[in-house]
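Enquirer:
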Amino acid sequence: MDRKNMFSLEGKVALVTGAAYGIGFAIAEALAGAGAKIAFNCRGQEHMEKALKAYQEKGIDARGYLCDVTEEEQVANMVSEIESELGTIDILVNNAGIIKRIPMHEMSAAEFRQVVDIDLNAPFIVSKAVIPGMIRKGHGKIINICSMMSELGRETVSAYAAAKGGLKMLTKNIASEYGAYNIQCNGIGPGYIATPQTAPLRELQADGSRHPFDRFIIGKTPAARWGNPEDLMGPAVFLASDASDFVNGHILYVDGGILAYIGKQP
Ligand code: NAP
Ligand code: GCO
Numbered sequence: 000m001d002r003k004n005m006f007s008l009e010g011k012v013a014l015v016t017g018a019a020y021g022i023g024f025a026i027a028e029a030l031a032g033a034g035a036k037i038a039f040n041c042r043g044q045e046h047m048e049k050a051l052k053a054y055q056e057k058g059i060d061a062r063g064y065l066c067d068v069t070e071e072e073q074v075a076n077m078v079s080e081i082e083s084e085l086g087t088i089d090i091l092v093n094n095a096g097i098i099k100r101i102p103m104h105e106m107s108a109a110e111f112r113q114v115v116d117i118d119l120n121a122p123f124i125v126s127k128a129v130i131p132g133m134i135r136k137g138h139g140k141i142i143n144i145c146s147m148m149s150e151l152g153r154e155t156v157s158a159y160a161a162a163k164g165g166l167k168m169l170t171k172n173i174a175s176e177y178g179a180y181n182i183q184c185n186g187i188g189p190g191y192i193a194t195p196q197t198a199p200l201r202e203l204q205a206d207g208s209r210h211p212f213d214r215f216i217i218g219k220t221p222a223a224r225w226g227n228p229e230d231l232m233g234p235a236v237f238l239a240s241d242a243s244d245f246v247n248g249h250i251l252y253v254d255g256g257i258l259a260y261i262g263k264q265p
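According to numbering that gives the first Met the number 0, the sequence shown is numbered sequentially starting from 0.
Below you can see the structure in the form of structure tokens.
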């Protein structure tokens, strides 16, 4: 390890899934800032065009690929295109994800399956596609974006919690199975982050007051604030870099202290 540049990603190729905006975009920006070449994907052409413009405005020459991460053939084609255009993938961030907030007894099996398909099956599919290249190269970094719901449950998010709990264990299993190939697989568990995914939980009420859930999270977070995607940038660079070569199977919670805190007295 070059101790002076242990956080450098110069010469590395990073794929960040679902990085058209939100947490994925911030992580891709951080990895680019550390020197990585960036590939990202999403499903929507409109999202793609806006994302490419946003990356260019930040001086990042990101390559975008329209790909549904639940579709194994699309993922295989995307990885093949990245490898021919940028080189073998050194860093994979499984970030793409959705949530459905529906009481479990009202949720259809199809809705449950859709969340698990994107949030758990897809990280398996994409990791399976990139690991052979990492083995050939003799190194690799896989970062799975987990959640508070990898540890905790709450009303209406049964599918999401099941998926993110499974993603925590998939992270540990990839770490176990591929550590011998100098591949490190870790998770980042963001707390409550202000992105489109959580916008419904922060909507102002008709009387202009804060959403009850917004107030709840402020009370459950020692930092007394929502996180921003930028709060995840440093942890992502750390887990993508040589500085974390002996960190494997770890979920790094970036939650402002939520998991450590019983919560403010009402
Ligand atoms: P977001 O704003 O909803 O962005 C999700 C991204 O994933 C979008 O770029 C979306 O683009 C893409 N995506 C969704 N399904 C996809 C699919 N099947 N194939 C390819 N791309 C897909 O979400 P976020 O808040 O940034 O969250 C990103 C990740 O962090 C998710 O895994 C989420 O579960 C996790 N997380 C979020 C929070 C939070 O508080 N925000 C906290 C903990 C964990 P398209 O729709 O165009 O495909
Ligand atoms: C919810 C939120 C959370 C966050 C995140 C917390 O409805 O509870 O969407 O699930 O997205 O996963 O870590």
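We treat Cβ as the ideally placed atom computed from N, Cα and C, and that holds for glycine.
What are the boundary residues of the alpha helix (DSSP H) that Gly218 is part of?
Expert: The residue given as residue 218 occupies position 219 in the sequence shown. Per DSSP, Gly218 belongs to the alpha helix (DSSP H) from Pro211 to Lys219.
Enquirer: Could you check where the alpha helix (DSSP H) with Arg112 kicks off and where it finishes?
Expert: Mapped onto the sequence shown, residue 112 falls at position 113. Run containing Arg112: Ala108 to Val115, per the alpha helix (DSSP H) assignment.
Enquirer: Please state if the CB of Ile182 and the CB of Met133 are separated by a distance shorter than 8 Å.
Expert: Within the sequence shown, the letter at position 134 stands for residue 133. Within the sequence shown, the letter at position 183 stands for residue 182. Closer than 8 Å, so yes.
Enquirer: Consult DSSP for Gln183 and reduce its assignment to one of helix, strand or coil.
Expert: Counted from its first residue, the sequence shown places residue 183 at position 184. Gln183 falls in the strand class under three-state DSSP.
Enquirer: Under the three-state reduction of DSSP, which class applies to Arg135: helix, strand or coil?
Expert: Along the sequence shown, read from residue 1 onward, the residue named residue 135 stands at position 136. Three-state result, Arg135: helix.
Enquirer: Sort Asn143, Gly188, Gln196 and Leu151 by Cα distance to Asn172 and report the nearest one.
Expert: By one-based count along the sequence shown, residue 172 stands at place 173. Considering only alpha carbons, the answer is Asn143.
Enquirer: Are Ser20 and Pro189 closer than 8 Å when you measure CB to CB?
Expert: For the purposes of this step, residue 20 is taken as the residue at position 21 of the sequence shown. For the purposes of this step, residue 189 is taken as the residue at position 190 of the sequence shown. Looking at the sequence shown, residue 20 is not Ser but Tyr. No. Outside cutoff.
Enquirer: In chain order, what residues of the same chain have a beta carbon less than 6 Å from the beta carbon of Val15, not counting five sequence neighbours either side?
Expert: Within the sequence shown, residue 15 is the residue found at index 16, counting from 1. The residues are Gly23, Ile26, Ala27, Phe39, Val92 and Asn94.
Enquirer: On the DSSP bridge list, what partners appear for Lys36?
Expert: Indexing the sequence shown from 1 puts residue 36 at position 37. For Lys36, which the question treats as bridged, DSSP gives the partners Val12.
Enquirer: Expressed to the nearest angstrom, what Euclidean distance is found between the alpha-carbon atoms of Thr197 and Met47?
Expert: As a position in the sequence shown, residue 197 is number 198, starting the count at 1. As a position in the sequence shown, residue 47 is number 48, starting the count at 1. Answer to the nearest angstrom: the Cα atoms are 21 Å apart.
Enquirer: Expressed to the nearest angstrom, what Euclidean distance is found between the alpha-carbon atoms of Ile141 and Gln73?
Expert: As a working note, residue 141 is residue 142 in the sequence shown. As a working note, residue 73 is residue 74 in the sequence shown. Approximately 20 Å, taken between the alpha carbons.
Enquirer: Exposed or buried, what is Asn227 when buried is set at 16 or more other beta-carbons lying within 10 Å of its beta-carbon?
Expert: Within the sequence shown, numbered from 1, the residue matching residue 227 stands at position 228. Classification of Asn227: exposed, given that the 10 Å Cβ count is below 16.
Enquirer: Quick check: what's the CA-CA separation for Gly248 versus Ser126?
Expert: Along the sequence shown, one-based indexing puts residue 248 at 249. Along the sequence shown, one-based indexing puts residue 126 at 127. Each residue's Cα considered, the two are about 14 Å apart.
Enquirer: Under three-state DSSP, which class holds Ala159?
Expert: Taking the sequence shown and counting its residues from 1, the one referred to as residue 159 is at position 160. Inspection of the sequence shows that residue 159 is occupied by Tyr rather than by Ala. Reduced to three states, the DSSP call for Tyr159 is helix.
Enquirer: When you measure from the CB of His210 to every non-hydrogen atom of the ligand NAP, does any distance come out below 7 Å?
Expert: For this step, residue 210 is matched to residue 211 along the sequence shown. The nearest non-hydrogen atom of the ligand NAP is 7 Å or more from the C-beta of His210.
Enquirer: What are the partner residues of Leu91, as DSSP defines its beta bridges?
Expert: Here residue 91 corresponds to residue number 92 of the sequence shown, with the count starting at 1. For Leu91, which the question treats as bridged, DSSP gives the partners Leu14 and Ile141.
Enquirer: Could you pull the start and end residues of the beta strand (DSSP E) that Leu119 belongs to?
Expert: By one-based count along the sequence shown, residue 119 stands at place 120. Unbroken run through Leu119: none, as it is neither H nor E.
Enquirer: For Leu203, does the three-state DSSP call read helix, strand or coil?
Expert: As a first step, residue 203 must be located in the sequence shown, where it is residue number 204. Correct three-state label for Leu203: coil.
Enquirer: Nearer than 7 Å: is that true of the beta carbon of Ile117 relative to any heavy atom of the ligand NAP?
Expert: Residue 117 sits at position 118 when you count from the first residue of the sequence shown. Result yes, Cβ under 7 Å from the ligand NAP.
Enquirer: How big is the Cα-Cα spacing for Ile37 and Glu229?
Expert: Within the sequence shown, numbered from 1, the residue matching residue 37 stands at position 38. Within the sequence shown, numbered from 1, the residue matching residue 229 stands at position 230. Rounded to the nearest whole angstrom, the CA to CA distance from Ile37 to Glu229 is 17 Å.
Enquirer: So is the beta-carbon of Thr155 under 7 Å away from any non-hydrogen atom of the ligand NAP?
Expert: For this step, residue 155 is matched to residue 156 along the sequence shown. No, the ligand NAP has no heavy atom inside 7 Å of this Cβ.
Enquirer: Using 8 Å as the Cβ pair cut-off and three pairs as the minimum, do the region 82-91 and the region 101-121 touch?
Expert: no
Enquirer: Measuring alpha carbon to alpha carbon, tell me which of Gly178, Tyr180, Gly186 and Tyr159 ends up nearest Thr170.
Expert: As a working mapping, residue 170 is identified with position 171 in the sequence shown. Selected option, being the one with the closest Cα: Gly186.
Enquirer: From the DSSP secondary-structure annotation, give me the bridge partner or partners of Pro234.
Expert: For the purposes of this step, residue 234 is identified with residue 235 of the sequence shown, where counting begins at 1. The partner list for Pro234 (beta bridge, DSSP) is empty, contrary to what the question assumes.
Enquirer: Between the region 197-209 and the region 234-245, are three or more C-beta pairs nearer than 8 Å?
Expert: no
Enquirer: So who's on the other strand from Leu251, going by DSSP bridges?
Expert: Position 252 of the sequence shown, counting from 1, holds the residue named residue 251. The partner list for Leu251 (beta bridge, DSSP) reads Ile187.
Enquirer: Phe6 and Ala33 - do their beta-carbons sit closer together than 8 Å?
Expert: Your numbering for residue 33 matches position 34 in the sequence shown. Your numbering for residue 6 matches position 7 in the sequence shown. Yes; because the gap between Cβ atoms is below 8 Å, this pair is in contact.
Enquirer: Just mark Ala109 as buried or exposed, buried being the case when its beta carbon has 16 or more other beta carbons within 10 Å.
Expert: Residue 109 sits at position 110 when you count from the first residue of the sequence shown. Ala109 comes out exposed.
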